[in-house]
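Data block below; observations after.
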Amino acid sequence: MIPTDVAIVRTGTANLASVLAALGRLGAMPRVVEDAETVRTARRVVLPGVGHFGAAMHQLQAGGLADALRERLAAGAPLLAICLGLQLLAQGSDESPGTPGLGAIAGVATHLPDTVRVPQLGWNLVVPDQQGGIVQEGHAYYANSYALRETPEGWAAARTVHGTPFLAAIARGPQLACQFHPELSGRWGAALLERWWAAC
Amino acid sequence: MLTRRIIPCLDTRDGRVVKGINFQGLRDAGSPAELAARYEAQGADEIVILDVVATDRGRAHALETVREVRQVLSIPLTVGGGVRAVADAERLLDAGADKVAVNSAACDRPALLTELADRFGVQCIVLAIDAARAAEGWRVFRRSGSEATGRDAVAWAIEGTASGAGEILLTSIDRDGTRSGYDLDLLRAVSDAVTVPVIASGGARTADDFVAAVGAGADAVLAASMFHDGDTTVTAVKQRLAEAGVEVRP
Chain D
3 MIPTDVAIVR
13 TGTANLASVL
23 AALGRLGAMP
33 RVVEDAETVR
43 TARRVVLPGV
53 GHFGAAMHQL
63 QAGGLADALR
73 ERLAAGAPLL
83 AICLGLQLLA
93 QGSDESPGTP
103 GLGAIAGVAT
113 HLPDTVRVPQ
123 LGWNLVVPDQ
133 QGGIVQEGHA
143 YYANSYALRE
153 TPEGWAAART
163 VHGTPFLAAI
173 ARGPQLACQF
183 HPELSGRWGA
193 ALLERWWAAC
Chain C
4 MLTRRIIPCL
14 DTRDGRVVKG
24 INFQGLRDAG
34 SPAELAARYE
44 AQGADEIVIL
54 DVVATDRGRA
64 HALETVREVR
74 QVLSIPLTVG
84 GGVRAVADAE
94 RLLDAGADKV
104 AVNSAACDRP
114 ALLTELADRF
124 GVQCIVLAID
134 AARAAEGWRV
144 FRRSGSEATG
154 RDAVAWAIEG
164 TASGAGEILL
174 TSIDRDGTRS
184 GYDLDLLRAV
194 SDAVTVPVIA
204 SGGARTADDF
214 VAAVGAGADA
224 VLAASMFHDG
234 DTTVTAVKQR
244 LAEAGVEVRP
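Sequence lines, in order, name chains D and C.
Each residue of the first sequence is one higher than the one before, counting from 3 in the numbering used here.
Each residue of the second sequence is one higher than the one before, counting from 4 in the numbering used here.
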């Protein structure tokens, strides 16, 4: 078996090369996986996400990955969710009405307001509610049309404003979920990935 | 607040960066991975690679270029050139692109934008429009500016975003490589007409041209020769933008 210390979940629509390259620069040996057993037992799991909420959820349901991820979340096992990955943790999204999310956190992702350019493409300021957590203030790269608003109970939140304030990231021990792309957020993003890695 | 992006563009052919004037007379400007890493270190917010030759052999070179750049780059990478089908985009994304730019093939068949957006999401699909002034308004050209399409640039931007493009990369053929400033009227017309971000391209000479482009509605500004030739740096441009009151990533 190939030695690995981080498993990246294949959601079918995500662009994995940037995540692989960023983890590789950290010195990690990432492996792309699609079996539920590995998602349950891997030391660290990354849930990337680009694309459509409904398509990604169907992919996760089909392979039993959704249950494996719910178990990881409930157990507090190391997990990094990126972009759509954060929204998948929630109850659902206006992007795919009727398709339930993993339901690990409260809230439904809603469309960003039409007073600003959507999709949000570019660098925006991330401000944590409290200092001293894993997510520090700085500029992160976003590529999203939908976002969550409510802070889930038991998680530390960071916020960004694009027309309206929304959840930039939530963290709870070795579990981190970001609406932005840490793997594309330059030195700031690399430093965040390093802190997450160290917290696992 | 969402900051304005500075995007160095690498026009590549057979694994090298090239640059021409008005899309003609290409000359060598360096290694893609070296230049991309240098621009990231200077504070670039994104890198665009446009592969100017899309033959079969050239395509293999382009994928190798994307792989090499991805290894050194921790900011977003947009890649265009020869994307005619979902499979072409998939190969570029697998190699390390974060977004794909589509130009000629979308002019021929706008449904391609919908197919790409359905598969990868609108935030992944950039519609590249090469436009030139006409008696009235601007006309769209395809195949690196060599063929007129008869389309109106503003109407095409509206149709393209309705079809699935999540961003417009707007190049003025009249200004490209001439260093006479962006075509601000074109920029204003397109950015007023669409709700997605618009990247200004073609004609930048000084940091003040970037300030003017932002004033005309650009969400991001792209330039090639002014950075390749070492006239200025991304750092210097961002400093000038900040002085002019434009919010940029520090």
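Using N, Cα and C, we set each Cβ at its ideal position, and we do this for glycine too.
Under the three-state reduction of DSSP, S166 (chain C) is assigned to helix.
In this structure, the alpha-carbon of G167 (chain C) lies about 18 Å from that of Y144 (chain D). By the neighbour-count definition (other C-beta atoms within 10 Å, threshold 16), R122 (chain C) is a buried residue. Residues of the segment 185-215 of chain C whose Cβ lies closer than 7 Å to any Cβ of chain D, in chain order: T198, V199 and P200. Short of 6 Å from the beta carbon of G18 (chain C), and not among the five residues preceding or following it, lie these beta carbons of its own chain, in chain order: H64 and T68. The distance from the Cβ of F144 (chain C) to that of I176 (chain C) is about 6 Å, consistent with a contact at the 8 Å cut-off. DSSP places G26 (chain D) within a helical segment (H, G or I) once states are collapsed to three. Taking all protein chains shown into account, P99 (chain D) has fewer than 16 neighbouring C-beta atoms within 10 Å of its C-beta and is therefore exposed. In this structure, the beta-carbon distance from I202 (chain C) to G169 (chain C) does not fall below 8 Å. Boundaries around L115 (chain C) are those of the alpha helix (DSSP H), A114 to F123, since no beta strand (DSSP E) includes it. In this structure, Q132 (chain D) lies near A158 (chain D), with their beta-carbon atoms less than 8 Å apart.
8 Å or more divides the Cβ of L75 (chain D) from the Cβ of A24 (chain D). Cβ-Cβ distances below 7 Å link D96 (chain D) to V110, A111, T112, H113 and Y148 in the same chain, with the five nearest sequence neighbours on each side left out; the list follows chain order. The beta carbons of L195 (chain D) and L28 (chain D) sit closer together than 8 Å. Using a 10 angstroms sphere on the CB of M229 (chain C), the tally of other CB atoms reaches 16 or more, which defines it as buried.
Contact between the segment 29-48 of chain D and the segment 110-120 of chain C is absent: fewer than three C-beta pairs spanning the two stretches fall below 8 Å. Residue-level contact by beta carbon fails for S34 (chain C) and chain D, as no gap is shorter than 8 Å. Its chain contains E139, A160, R161, T162 and A170 as the residues whose beta carbon lies nearer than 8 Å to that of V129 (chain D), once the 5 sequence neighbours on both sides are disregarded; these appear in chain order.
From the beta-carbon of D116 (chain D), the residues of chain C found nearer than 8 Å are T198.
If you check each beta-carbon in the segment 83-105 of chain C against every beta-carbon of chain D, the ones closer than 9 Å belong to L96, D97, A98, G99, A100, D101 and K102. In the structure shown, the three-state DSSP call for A32 (chain C) is strand. By alpha-carbon distance to T198 (chain C), the top candidate from C:G163, C:E71 and C:I132 is C:G163.
At a cut-off of 3 residues, the continuous stretches assigned as beta strand (DSSP E) that sit fully inside the segment 18-95 of chain D are 32-35, 47-49 and 81-84. Across the segment 156-181 of chain C, CB contacts with chain D closer than 8 Å involve G169 and E170, in sequence order along the chain. DSSP places E152 (chain D) in the coil class of the three-state scheme, outside both helix and strand.
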